[in-house]
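For the sequence shown, position 40 (counting from the first letter as 1) is numbered 40 according to this note's numbering, and the numbering increases by one without interruption.
Glycine is no exception: its CB is placed at the ideal position from the N, C-alpha and C atoms.
Quick notes on the structure that follows.
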Amino acid sequence: MSETVKPYQESGSKKEQVESMFDNIASGYDELNRFLSLGIDKSWRKKTIARLQPTDLIVLDIATGTADMALTAVKNHETRKITGLDVSAEMLRFGQVKIDEKGLTDRINLVKGESESLPFEDDSFDAAMVAFGVRNFEDLEQGLSEILRVLKPEGKLLVLEFTKPRIFGFKQLFQFYFRFILPKIGRWKSKDPKAYKYLFESVQAFPDFENFTAILQKLGYQKCQYTALTLGVCAIYQAYKP
Ligand SMILES: C[S@@+](CC[C@H](N)C(=O)[O-])C[C@H]1O[C@@H](n2cnc3c(N)ncnc32)[C@H](O)[C@@H]1O
């Protein structure tokens, strides 16, 4: 199992600390993401959503945050419905404003809750997705097992998550940006000085590439595979419920 990295202090629950951290940074979250990733985060989300099938009509977006994945997934797909779930009430509040502005309240429903105990029946969703969320789970295996439970048989899981680049040269360059530059900008621009230090540390401690697909496989997912994006800065993981 990976080492547990928490945003503020070693003692206390990770869930509560993660919830407070995202509540703190919610108001500037979208803007700062675009800035720090030079807008590339949008294309990562689009590439992940492109893997949904047109027949994936009932979709769960775990760790939905400000609902970017949900909003992109209903675009150009008139019959798809999304349930977005998140632990942070503030992230959901900003997500709800975007959904209301686009008139999509009948297509996207936001729910406050945690992945480790999902308030849904077994076999409910055609597909589930988690963008930049699994790393924050208090209990990774419990969260992924719950998603498996609520997926329909043969339902698809898509996970988008940061990884540690392995290409020599780029790896060192990116680590320098990620470890030293990004937390400085985050400290200056975000409402929580610890948030972007936590981002770096949590990515370092999190299982990536074949280590993450091995966990999915162990939990009972099938056809587990990954695709590295942007020279291995992040990856899309894909797996199915048997
Ligand atoms: C980095 S944000 C990603 C938000 C969104 N998916 C995106 O792509 O922008 C991570 C989100 O995960 C949520 N989160 C963390 N742990 C969670 C858990 N155990 N269950 C549900 N949501 C969780 C946080 O509140 C936060 O909104």
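In whole angstroms, what is the alpha-carbon distance linking residue i and residue j?
| i | j | result |
| --- | --- | --- |
| arginine 80 | threonine 72 | 11 Å |
| lysine 98 | alanine 70 | 11 Å |
| aspartate 23 | glutamate 201 | 20 Å |
| glutamine 9 | leucine 199 | 14 Å |
| alanine 195 | lysine 6 | 10 Å |
| glutamate 3 | glutamine 53 | 35 Å |
| proline 153 | proline 193 | 43 Å |
| isoleucine 215 | histidine 77 | 32 Å |
| alanine 239 | lysine 171 | 27 Å |
| glutamine 217 | leucine 148 | 11 Å |
| methionine 1 | methionine 21 | Summary for methionine 1: the model assigns pLDDT 44, below 50, so the residue's position carries little reliability; its value from the coordinates is reported in the next sentence. Taking the straight line joining both Cα atoms gives about 24 Å. |
| proline 165 | isoleucine 40 | 16 Å |
Going by Cα to Cα distance, which pick from the options is closest to residue i?
| i | options | result |
| --- | --- | --- |
| threonine 163 | Trp44, Gly12, Arg34, Gln9 | Trp44 |
| glycine 95 | Gly12, Ser27, Tyr237 | Ser27 |
| leucine 38 | Thr105, Ala239, Thr230 | Thr230 |
| cysteine 234 | Ile108, Gln204, Tyr221, Phe120 | Gln204 |
| proline 119 | Phe209, Asp56, Leu151, Tyr226 | Leu151 |
| methionine 129 | Lys75, Glu78, Gly84, Gly220 | Gly84 |
| glycine 133 | Pro242, Gly12, Tyr237, Ser11 | Tyr237 |
| glutamate 138 | Asn211, Lys223, Phe206 | Phe206 |
| glutamate 141 | Asp56, Ser190, Asn211 | Asn211 |
| glycine 143 | Gly12, Ala131, Pro165, Ser117 | Ser117 |
| alanine 131 | Cys224, Asp86, Lys75, Val74 | Asp86 |
| lysine 75 | Ile108, Ser88, Gly232, Glu90 | Ile108 |
Following a CB-centred definition, is residue i positioned closer than 7 Å to any heavy atom of ligand 1?
| i | result |
| --- | --- |
| aspartate 192 | no |
| phenylalanine 132 | yes |
| serine 88 | yes |
| glycine 232 | no |
| threonine 163 | no |
| alanine 63 | yes |
| aspartate 122 | no |
| lysine 75 | no |
| lysine 15 | yes |
| arginine 187 | no |
| valine 18 | yes |
| glutamate 78 | no |
| leucine 60 | no |
By a C-beta neighbour count over all protein chains shown, 10 Å radius and 16 as the cutoff for buried, is residue i buried or exposed?
| i | result |
| --- | --- |
| leucine 173 | exposed |
| serine 115 | buried |
| arginine 135 | buried |
| isoleucine 167 | exposed |
| glutamate 146 | buried |
| threonine 66 | buried |
| threonine 227 | exposed |
| serine 190 | buried |
Below 7 Å, is the gap between the Cβ of residue i and the nearest heavy atom of ligand 2?
| i | result |
| --- | --- |
| threonine 66 | Ligands present in the displayed structure are limited to ligand 1, and ligand 2 is not among them. |
Would the stretch 183 to 190 and the stretch 31 to 42 be scored as touching if the rule is three or more Cβ pairs under 8 Å?
-> yes
Three or more C-beta pairs closer than 8 Å, one from the stretch 12 to 23 and one from the stretch 174 to 182: is that the case here?
-> no
Stretch pair the stretch 154 to 161 + the stretch 44 to 55: three plus CB contacts closer than 8 Å | yes
Counting pairs of beta carbons, one from the stretch 53 to 65 and one from the stretch 124 to 142, are three or more of them closer than 8 Å?
-> yes
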